Structures are given as C-alpha cells and as structure tokens.
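Peer 1:
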Amino acid sequence: MTTLADSLPPRHVLAPPAPVGAAPGTGDLVDLFKAAMGRLSGAVTVITAGRGAAARGLTATAVCSVSIAPPTLLVCVNRSGEAHRAIAESGSFCVNVLAEANRAVADRFAGRAGAFGGERFAGGDWSELATGAPALDGALVNVDCRIAEAVEAYTHTVFFGTVAAVRLGTGGAPLVHFDRAYRSLA
C-alpha cells in the first residue's frame, strides 16, 4: 500500500549514521546526548491521526513552528511507533498542546498507562477539526495539519504540516517536559 508519505518527494535523504563513540573519559555518547536533550525543556503534546478504530497517537516534544506564510509546523515521529503509520496513511495530524491538567493523557499516549492503539483515547474527550484527526477537548490548543512534506531522518520521519485549523483552549498552566519528567509552570 502506498501512503501519502511515500508519494511525497523528500528534499534530503540522509545516509544512516556512522557508528559513534564518545571522547575518552566522557562516557557513552548516546547516554550523554539523551541527558543533554533531557535538559532541553519542551511543551508536551499529543500528536494524533486517523479516525475511529484506526486513530493512533503519541506523546511528543519534538514539535516546532516552521513558517507563518503559509502557517506550517513540523513533528518528528519514530518510524517504529504505531502512530507513524496512521499519520502517513491519513495524510494529516493534529498537535494537541497539553495543559498540566492533561498529565494523565500524556502518560497514556507515552505508553505509561499500559494502553495501546485506540485504547489510548479512553478517558479523554475528543472531537474533530478540519482533517478529522482527533483533537483533545481541554487542551491548551489544537493545531490540525495536512502533510505537505515528509523527510526521513535516521530513525524518524519529519512531517511538515500546513495548518488547516486551530482551536484555542480556555487556558491553564502548560505541561512541560524537563530533565525526563513532567513539570508545570504554574
């Protein structure tokens, strides 16, 4: 089956990384990199795609605005995760920026609650915006996107999405990830 991501021309195809090692006395480079990225605080989001029983999602902080003209953002999604296929096949995704009150939703979509697949949507109220991707009611904001480009980068795909709809929530303290834990700015 050909997906939208398969049909989009990649701008850059990155070669697999060469084996890496750490400088003498610095420990394992991968562990150091993980620790370094843990100190990069980021908004906690749930990226969703698909409809009904095919709906999938993941908790992510690898989300970034790209352009205002046209409004575009990017998400980085591991190709081995179940949400990757839903995003690629549907051609769209919704970025749900979580409030501190949405911590349980973040845990479910991160796999911490033992829920998989469509089970992760239980316990939350969901609606649809322009693309049909699930939008979390009560999130700080929902940004609904159509895939404009997909670039494979090592273990992940970077999906560039043009914004189809935005819904602003009622506010609240944002949920942030820092030093491998959820934090609140409240």
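In UniProt numbering, the protein residues as written are 1 to 186.
A virtual CB, placed ideally from N, CA and C, is assigned to each residue, including glycine.
Quick caveat, the model's predicted, so the values are computed rather than measured.
#1: My understanding is that Leu175 touches Val44, with C-beta atoms under 8 Å, so please give their C-beta distance in whole angstroms.
#2: Which of helix, strand or coil does DSSP assign to Arg85?
#3: Could you please give the first and the last residue of the uninterrupted alpha helix (DSSP H) stretch that includes Ala135?
#4: Identify whether Ser92 lies in helix, strand or coil by the three-state DSSP scheme.
#5: With distances taken between CB atoms, is the gap from Ala113 to Ala139 smaller than 8 Å?
#6: So, are the CB atoms of Gly38 and Arg180 less than 8 Å apart?
#7: With burial defined as no fewer than 16 other Cβ atoms inside 10 Å of the residue's Cβ, what is the status of Gly50: buried or exposed?
#8: Contact check, Val141 vs Val166 under 8 Å by CB: the rounded distance?
#9: Rounded to the nearest angstrom, what separates Ile147 and Val163 at their Cα positions?
#10: Under a three-way DSSP split, which group does Asp125 fall into?
#11: Are the CB atoms of Leu74 and Asn102 within a distance shorter than 8 Å?
#12: What residue range does the beta strand (DSSP E) around Phe33 cover?
Peer 2: The short version:
#1: Numbered from 1 along the sequence shown, position 175 holds the residue referred to as residue 175. Numbered from 1 along the sequence shown, position 44 holds the residue referred to as residue 44. That belief holds up - the Cβ atoms of Leu175 and Val44 are roughly 4 Å apart, short of 8 Å.
#2: What you label residue 85 is simply residue 85 of the sequence shown in a count that begins at 1. In the structure shown, Arg85 sits in a helix (DSSP, three-state: H, G or I).
#3: Taking the first residue of the sequence shown as 1, we reach residue 135 at position 135. Looking at the DSSP string, Ala135 is not in any alpha helix (DSSP H); the run it does join, the beta strand (DSSP E), is Pro134 to Leu136.
#4: Translated into the one-based positions of the sequence shown, residue 92 becomes position 92. Correct three-state label for Ser92: strand.
#5: Mapped onto the sequence shown, residue 113 falls at position 113. Mapped onto the sequence shown, residue 139 falls at position 139. Not a contact, by the Cβ cut-off of 8 Å.
#6: Residue 38 sits at position 38 when you count from the first residue of the sequence shown. Residue 180 sits at position 180 when you count from the first residue of the sequence shown. Yes. Within cutoff.
#7: In the sequence shown, residue 50 corresponds to position 50, counting from 1. Per the 10 Å Cβ criterion, buried.
#8: The residue labelled residue 141 in the question sits at position 141 within the sequence shown. The residue labelled residue 166 in the question sits at position 166 within the sequence shown. Contact holds; Cβ gap of about 7 Å.
#9: Position 147 of the sequence shown holds residue 147. Position 163 of the sequence shown holds residue 163. Rounded to the nearest angstrom, the two C-alpha atoms are 9 Å apart.
#10: Counting from 1 along the sequence shown, the entry for residue 125 is found at position 125. If DSSP states are grouped into helix, strand and coil, Asp125 belongs with coil.
#11: Counted from its first residue, the sequence shown places residue 102 at position 102. Counted from its first residue, the sequence shown places residue 74 at position 74. Not a contact, by the Cβ cut-off of 8 Å.
#12: Within the sequence shown, residue 33 is the residue found at index 33, counting from 1. Per DSSP, Phe33 belongs to no beta strand (DSSP E); it is in the alpha helix (DSSP H), Leu29 to Gly38.
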